[in-house]
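Student:
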Amino acid sequence: MKRRLTFAAQSLLVLAGLLLVWQCAVWMGAPPYMLPAPPAVGAAVVERFGSLVRSLWLTAEAAALGLLGSIIVGVAIALAFAQWRGLRRLLYPYTILLQTVPIVAVAPLILMWTGNGLLPVALVAFIICLPPIIANTTQGLISVEENFLHLFLMHEAKPAQVLFRLRLPHALPHLFTGIRIAAGIAVIGAITGELFAGASRVGEGGLGYSILYASGQLETDYLFALVLAATVLGFTFFFVTMFLEWYFLHHWHESNRSDMPD
Amino acid sequence: MSADIVISQVSKQFRGGALALQDVSLQVEDGDFVSLLGPSGCGKSTLLKMIAGLTLPSSGTIAVDGILPANARQLMSFIFQDPTLLPWRTVEENVGLGLELGGMAAAPRKAKVEEMLELVGLTAARTRYPRQLSGGMKMRVSIARALASRPSILLLDEPFAALDEMTRDRLNDELLRLYAERQQTMVFVTHSVAEAVFLSRRIVILAPHPGRVAHIVTNDLPWPRPAGIRLSAEFDAQAAYVSRLLRGVHAEAPSL
Numbered sequence: 003m004k005r006r007l008t009f010a011a012q013s014l015l016v017l018a019g020l021l022l023v024w025q026c027a028v029w030m031g032a033p034p035y036m037l038p039a040p041p042a043v044g045a046a047v048v049e050r051f052g053s054l055v056r057s058l059w060l061t062a063e064a065a066a067l068g069l070l071g072s073i074i075v076g077v078a079i080a081l082a083f084a085q086w087r088g089l090r091r092l093l094y095p096y097t098i099l100l101q102t103v104p105i106v107a108v109a110p111l112i113l114m115w116t117g118n119g120l121l122p123v124a125l126v127a128f129i130i131c132l133p134p135i136i137a138n139t140t141q142g143l144i145s146v147e148e149n150f151l152h153l154f155l156m157h158e159a160k161p162a163q164v165l166f167r168l169r170l171p172h173a174l175p176h177l178f179t180g181i182r183i184a185a186g187i188a189v190i191g192a193i194t195g196e197l198f199a200g201a202s203r204v205g206e207g208g209l210g211y212s213i214l215y216a217s218g219q220l221e222t223d224y225l226f227a228l229v230l231a232a233t234v235l236g237f238t239f240f241f242v243t244m245f246l247e248w249y250f251l252h253h254w255h256e257s258n259r260s261d262m263p264d
Numbered sequence: 056m057s058a059d060i061v062i063s064q065v066s067k068q069f070r071g072g073a074l075a076l077q078d079v080s081l082q083v084e085d086g087d088f089v090s091l092l093g094p095s096g097c098g099k100s101t102l103l104k105m106i107a108g109l110t111l112p113s114s115g116t117i118a119v120d121g122i123l124p125a126n127a128r129q130l131m132s133f134i135f136q137d138p139t140l141l142p143w144r145t146v147e148e149n150v151g152l153g154l155e156l157g158g159m160a161a162a163p164r165k166a167k168v169e170e171m172l173e174l175v176g177l178t179a180a181r182t183r184y185p186r187q188l189s190g191g192m193k194m195r196v197s198i199a200r201a202l203a204s205r206p207s208i209l210l211l212d213e214p215f216a217a218l219d220e221m222t223r224d225r226l227n228d229e230l231l232r233l234y235a236e237r238q239q240t241m242v243f244v245t246h247s248v249a250e251a252v253f254l255s256r257r258i259v260i261l262a263p264h265p266g267r268v269a270h271i272v273t274n275d276l277p278w279p280r281p282a283g284i285r286l287s288a289e290f291d292a293q294a295a296y297v298s299r300l301l302r303g304v305h306a307e308a309p310s311l
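Top line first, the protein sequences correspond to chains A and B. When we follow my numbering, the leftmost residue of the first sequence carries the number 3, and every step to the right adds one. When we follow my numbering, the leftmost residue of the second sequence carries the number 56, and every step to the right adds one.
1) Counting only C-beta atoms, is A:P263 closer than 8 Å to chain B at any point?
2) State the DSSP-derived secondary structure class of B:E213, mapped to helix, strand or coil.
3) Could you tell me the boundaries of the beta strand (DSSP E) in which B:G93 lies?
4) Under 8 Å between the Cβ atoms of B:A179 and B:D228?
5) Quick check on the DSSP output: the alpha helix (DSSP H) that includes A:S212 runs from which residue to which?
6) Assign A:A87 to one of two classes, buried (16 or more other C-beta atoms within 10 Å of its C-beta) or exposed (fewer than that).
7) Using a beta-carbon distance cut-off of less than 8 Å, what residues from the stretch 127-143 of chain B approach chain A?
8) Should A:Q85 be flagged as near chain B, meaning a C-beta pair shorter than 8 Å?
9) Whether or not the stretch 178-196 of chain A and the stretch 53-65 of chain A are in contact is what I'm after, with contact meaning three or more pairs of Cβ atoms, one per stretch, closer than 8 Å; do they touch?
10) Name the chain B residues whose beta carbon is nearer than 8 Å to that of A:E158?
11) Does the stretch 116-131 of chain B come close enough to the stretch 117-128 of chain A that 3 or more CB-CB pairs lie under 8 Å?
12) Which whole-angstrom value describes the C-beta separation of B:M131 and B:A161, a residue pair presumed to lie in contact below a C-beta threshold of 8 Å?
13) Could you tell me which of B:A75, B:T116, B:V83, B:V61 sits nearest to B:I258, measuring between CA atoms?
14) In chain order, what residues of the same chain have a beta carbon less than 6 Å from the beta carbon of B:T222, not counting five sequence neighbours either side?
15) Rounded to whole angstroms, what is the Cα-Cα separation between A:A27 and A:A216?
16) For the candidate residues B:Y184, B:F133, B:W143, whose alpha-carbon lies nearest to that of A:A173?
17) Whether or not the stretch 140-158 of chain B and the stretch 235-244 of chain B are in contact is what I'm after, with contact meaning three or more pairs of Cβ atoms, one per stretch, closer than 8 Å; do they touch?
18) Measure the C-alpha to C-alpha separation of B:Q239 and A:A162 and round it to an integer number of angstroms.
19) Which residue wins for smallest C-alpha separation from B:R70, given the options B:P112, B:S287, B:A295?
20) Check whether the Cβ atoms of B:R128 and A:E158 lie closer than 8 Å to each other.
21) What's the C-alpha gap between A:Q25 and A:L209?
22) Taking the beta strand (DSSP E) that B:Q82 belongs to, which residues open and close that run?
23) Report the partner residues of B:M241 according to the DSSP bridge assignment.
24) If we cut at 8 Å on Cβ distances, does B:Y184 have a partner in chain A?
25) Are the stretch 230-244 of chain A and the stretch 79-94 of chain A touching by the rule of at least three beta carbon pairs closer than 8 Å?
26) Just to confirm, is the Cβ distance from A:S57 to A:G180 under 8 Å?
27) Who are the Cβ neighbours of B:L218 in its own chain at under 8 Å, not counting the five residues just before and after it?
28) Could you check whether the stretch 61-68 of chain B touches the stretch 76-91 of chain B, counting it as contact only if at least three pairs of C-beta atoms, one from each stretch, sit closer than 8 Å?
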């Protein structure tokens, strides 16, 4: 406990140091439209808290929708890949290819095809989240030890039983690794989408839209506040995922063990 | 003479070309306890997997209860060297796995699992997860799971090889008690002479490179066999005899 407190104190000290360096740069004459002082950013957060939270919420919705969709579709695809090796051989390379496509380049296309609003932004998040979910889950599904397959074979298990009672639970830790990666990039995907999606109304949009708007208006203090909000959102996604992973795996999986065997 | 398992002139050549087994013939009768004993590379595990229908022979035939092994799986249970427990299932859920896969309803399954847990002395650990168990306890769960589906043939692939000697002896005692109670046919793969002598009615000594049957020893150690029989002179004599045969098998094998 004491060590943890020391660790927390040290981390906070680093943060304070960084803020101090930032403040010093302002004192040394950096213009406010380039680098607002930390208190100015704080003031921007307080002053425009309502619109900040609205932007945050819009982005959170789109990112969550995209992530959720990618989990459902990704797991379904991975299950199909695990069940039909031919299909996996045929299509798996394309899921890797999907990963290498720069989302910034594709986002305008998607928005051109689907228009503005929540759904297209969620779609961008969905596309960027899909590859890590498919790759990790597929890996988990097909890496079951032979003895377990023999065990199920000896009990005359049907293919569906092997898939859902052996492969899928075995792949759960892998799936969560995929979700953890996807959760981080879901927010990035949503913000990228919003950069191109524009707003439903003038001045009202997600973080991506607001970032673009604030930078256009040279509202640098608010821009900093938006970056802060985006970071908070990314962290929240990450920690929710970590919690879910712990919740579902801690009682049996080695990486999440909460107690020692007696 | 009713034979449960009939192995006729079975050979197994692996894809790489290595001849794992050559011209093996063996019959295991109902209720027999046969150990397959031999050094590594003699193909004893391969032979066991072929009886289970998990590997096919390259030539020759195997019949279990008169039919192909792959069609006779409901008669058999397989116990692996690794306990092969599903880590996301509790002890009782692991024990009930085979029954569940076979479609047994929850209520009779629960009763059956209860009975099995009592049999192997794990009632108190029923809600624990595998990682909370010792090596010996894991193996007990594995045995309970194998017995739950009431197999008439139990195939054991060096089940206790990874355990310490004391645990192994205790599990051997329990296995013998289970055998005495249920009189299943047992085929037990091991590389331990003491284990083979303590447990079996017959000991099949396999020679390596290529794997083949070298000797079939009828183990005349008397029944019942309490734990203390391991300290008796007749046990020593029998073990010495089997050891000598096994050493002979080693000696005649071409050196690698």
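Idealized CB from N, CA, C, for every residue including glycine.
Tutor: According to the structure data:
1) No answer about A:P263 holds up, because its pLDDT of 41 lies below 50 and its placement is not dependable.
2) coil
3) Element bounds for B:G93: n/a, residue is neither H nor E.
4) no
5) 209-218
6) Note on identity: in this sequence residue 87 of chain A is Arg, with Ala being the wrong assignment. Looking at its Cβ environment, which holds fewer than 16 other Cβ atoms inside 10 Å, A:R87 is exposed.
7) R128, Q129, M131, S132, F133, F135, D137, T139, L141, P142, W143
8) no
9) yes
10) R128, Q129, L156, G157
11) no
12) Actually they do not touch by this definition, with Cβ atoms about 25 Å apart.
13) B:V83
14) G191
15) 22 Å
16) B:W143
17) no
18) 31 Å
19) B:P112
20) yes
21) 25 Å
22) 74-84
23) B:F88, B:L209
24) yes
25) no
26) no
27) G190, G191, M194, L226
28) yes
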